[in-house]
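Read in this note's numbering, the sequence shown has 271 at position 278, and its numbers run on one by one without any break.
From the three backbone atoms N, C-alpha and C, an ideal C-beta is built for every residue, glycine too.
Contents: one structure, followed by commentary.
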Amino acid sequence: MSQSVEIVEVGPRDGLQNEPILLETKAKISLINLLSKCGFKRIEIGSFVSSKWVPQMADSGLVFDGITRNHKVSYAALVPNIFGYSLARKHKVDEIAIFCSASESFSKSNLNASIQESFSRFREVMSLAKTDSLRVRGYVSCVTDCPYEGKINPVVVSKVARQLSDLGCYEISLGETLGKGNPDQVEKMLINVLDEIPVNKIAAHFHDTNGQALKNIGVALDLGVRVFDSAVAGLGGCPFAPGSPGNVATESLLKYVEGKGYETGLDIEQVIKAANLARGICNI
Ligand code: HMG
Ligand code: MG
-6 MSQSVEIVEV GPRDGLQNEP ILLETKAKIS LINLLSKCGF KRIEIGSFVS SKWVPQMADS
54 GLVFDGITRN HKVSYAALVP NIFGYSLARK HKVDEIAIFC SASESFSKSN LNASIQESFS
114 RFREVMSLAK TDSLRVRGYV SCVTDCPYEG KINPVVVSKV ARQLSDLGCY EISLGETLGK
174 GNPDQVEKML INVLDEIPVN KIAAHFHDTN GQALKNIGVA LDLGVRVFDS AVAGLGGCPF
234 APGSPGNVAT ESLLKYVEGK GYETGLDIEQ VIKAANLARG ICNI
């Protein structure tokens, strides 16, 4: 099994989408330019969603246009529908992510659609992406708990993840949106998902409400998962998941996995610089 772990930086999207104040575009660009020097292969830097729903991401086009691109980095954005897809193409994203949920109530609150309605939008997006040869990642939210429905059945998670994979997503990121899941829940959920999808197509995305993220990542590592999402300075949350705080902090994750002997290819000094800049920008 691989001795390297890839960390996908999602702070400029998942982190900044939840900031209480609207940040200046140039501050976001400075953060992304610094993150581009850390060694990440993938950085999620925006989303092409309704600005009425997520005003913090309304400048994603300007962000994509304004950054200094490192050709070794794939810059990604969330896209919920074909309208978002056309904007993403206009601003030259390197890859997109579609995002669904294992909970009907969360799907309704996040996308104003049932799970299956969201998939009919994704089919349209995927068809365009295939024509354009653009890589598409898929997220499943609420893989252990939902803010509205409580505990989520792992079988539902595996079915939704399988649907994303069958649609053509090259990787499925399992979102523990609330940070409430414990290692037992995460293990059960992953065992179900791994019955449906090979482990090399799985990533894990932990929020850190109850300080369980690193323990949960340990469980995922033991089951063979080697790609993890995180945000510098632990920025983050989801505007449609009340109480969901930051993603696991990239600098903590990096120290944790390297402490276990995995290589990440990241420069810890640069990551800490970026985390400090993120704290300054967000006043934390
Ligand atoms: P809707 O209101 O049902 O859509 O929203 P609509 O088609 O009726 O359109 C309403 C308005 O939005 C229209 O504008 C559209 O043009 C516009 P108006 O005519 O009223 O002026 N619109 C758009 N504008 C920009 N980009 C678009 C777009 N689409 C429509 N793509 C919609 C449906 C999906 C648009 C809305 O629900 C939405 O934007 N949701 C996004 C929610 C979101 O971004 N959530 C956070 C990310 S998910 C997350 O954080 C979880 C994750 O981190 C994993 C985890 O932790 O679990 C990934
Ligand atoms: Mg998230």
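Below 8 Å on the Cβ atoms is my contact criterion, and I expect residue i with residue j to pass it. Report the Cβ-Cβ distance as a whole number of Å.
| i | j | result |
| --- | --- | --- |
| E2 | F33 | 5 Å |
| V129 | E88 | 7 Å |
Looking at the unbroken alpha helix (DSSP H) that takes in residue i, where does it start and where does it end?
| i | result |
| --- | --- |
| I265 | 261 to 275 |
| D58 | 53 to 59 |
| V153 | 147 to 160 |
In chain order, what residues of the same chain lie with their CB nearer than 6 Å to the CB of residue i, ignoring the 5 residues before and after it?
| i | result |
| --- | --- |
| G258 | G32 |
| Y78 | V72, V118, L121 |
Please report the straight-line C-alpha distance between residue i and residue j, rounded to a whole angstrom.
| i | j | result |
| --- | --- | --- |
| A69 | A122 | 13 Å |
| T202 | T243 | 15 Å |
| L9 | E17 | 11 Å |
| R219 | G211 | 11 Å |
| Q156 | Y132 | 11 Å |
Taking the beta strand (DSSP E) that residue i falls in, what are its first and last residues?
| i | result |
| --- | --- |
| I210 | Looking at the DSSP string, I210 is not in any beta strand (DSSP E); the run it does join, the alpha helix (DSSP H), is 206 to 215. |
| F33 | Unbroken run through F33: none, as it is neither H nor E. |
| A122 | Segment 108 to 125 is the alpha helix (DSSP H) holding A122; no beta strand (DSSP E) there. |
| A197 | 195 to 199 |
| L71 | 67 to 71 |
| S96 | Where S96 is concerned, there is no enclosing beta strand (DSSP E), given that its DSSP letter is neither H nor E. |
For residue i, is the classification buried or exposed, using 16 other Cβ atoms within 10 angstroms of its Cβ as the cut-off for buried?
| i | result |
| --- | --- |
| N240 | buried |
| G273 | exposed |
| Y163 | exposed |
| N105 | exposed |
| G252 | exposed |
| D7 | buried |
| T137 | buried |
Grab me the residues of residue i's own chain with a C-beta within less than 7 Å of its C-beta, minus the 5 sequence neighbours each way, in chain order.
| i | result |
| --- | --- |
| C139 | S96, S98, F99, I145 |
| I22 | V56, G59, I60 |
Go through its chain and collect everything with a Cβ distance to residue i's Cβ below 8 Å, but skip five positions before and after it.
| i | result |
| --- | --- |
| S44 | M50, A51 |
| K101 | S107 |
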